[in-house]
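Asks: Read in the UniProt record's numbering, the sequence shown has 61 at position 61, and its numbers run on one by one without any break.
Handing you a structure now.
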Amino acid sequence: MADTLHIHCNRVGHFDLLNVDPNFLLVSHVKADIECQKRIPTQKQKLTFQGVVFEDDHRLKEYGIESGSTLFLSVPLDFAINIKVSITIPSGPVVNLWANEKDTVSTLKKQIRRLYHWSAKAYEFVFGDAFLKENQTLASCGLKNGSSLKIMRYVSAELESTL
């Protein structure tokens, strides 16, 4: 019977793999599914359960995994993860952009400039209730896959014309 596996990872968030059967599924297949969903190469993934590191050529059932079990995913600290960031534009629409967690806020502003032709000096990004500095990396700001930012624009006359 196929069911769900829960995957916990501090760096990419928690997610589920659906329609899995631990009796037949190899660890390498789980890693391939994670690569498809989260864009993490299989060779960068370590899956664990109750302190045991999984080996690719073993079946999940060999580790005592059942439907509904929670596995833990680790990735190397030096591995930069691609994240999707939702940005709310002042006029209302939401733009979804892909970025690398090691990119800076300035890099996101360059993407907005390409899309909307806005000067980077005309607005600030806000995450939660904090203004983000242009030289900060997205990871150092606390952004993860699925994070949401708002654009707060300046209304001074000289900057207004750039919008």
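Don't be surprised by glycine CBs; every beta carbon is placed ideally from N, CA and C.
Remember, predicted model here, so these are calculated numbers, not experimental data.
I need the DSSP call for LYS84, collapsed to helix, strand or coil.
Replies: strand
Asks: Is GLN111 near the ligand NAD, judged by its Cβ being under 7 Å from some heavy atom?
Replies: As for the ligand NAD, it is missing from this structure, which has no ligand bound.
Asks: Nearest CA to the CA of PHE125: which residue from PRO76, TRP98, VAL85 and LEU60?
Replies: VAL85
Asks: Just verifying my parser: in three-state terms, what is the DSSP assignment at ASP78?
Replies: Three-state DSSP puts ASP78 in coil, outside helix and strand.
Asks: Can you tell me the Cβ-Cβ gap for ILE81 and VAL12, rounded? I've got them flagged as a contact below 8 Å.
Replies: 6 Å
Asks: Use the C-beta contact count for ASP57: other C-beta atoms within 10 angstroms, 16 or more gives buried, fewer gives exposed.
Replies: It counts as exposed.
Asks: Is the number of C-beta pairs between the region 108-120 and the region 65-83 that are closer than 8 Å three or more?
Replies: no
Asks: Work out the CA separation of ALA120 and ALA157 for me, nearest whole Å.
Replies: The predicted model places ALA157 with a pLDDT of 41, which falls under 50 and marks its position as unreliable; any figure quoted below should be read in that light. Looking at the two C-alpha atoms, the distance is approximately 15 Å.
Asks: Runs of 4 residues minimum, wholly inside the UniProt domain "Ubiquitin-like" (83-152): which ones carry the alpha helix (DSSP H) assignment?
Replies: 105-116
Asks: Beta-carbon separation of ARG153 and PRO93 under 8 Å?
Replies: no
Asks: How far does the beta strand (DSSP E) with ILE7 in it reach, from first residue to last?
Replies: For ILE7, the enclosing beta strand (DSSP E) starts and ends at 3-8.
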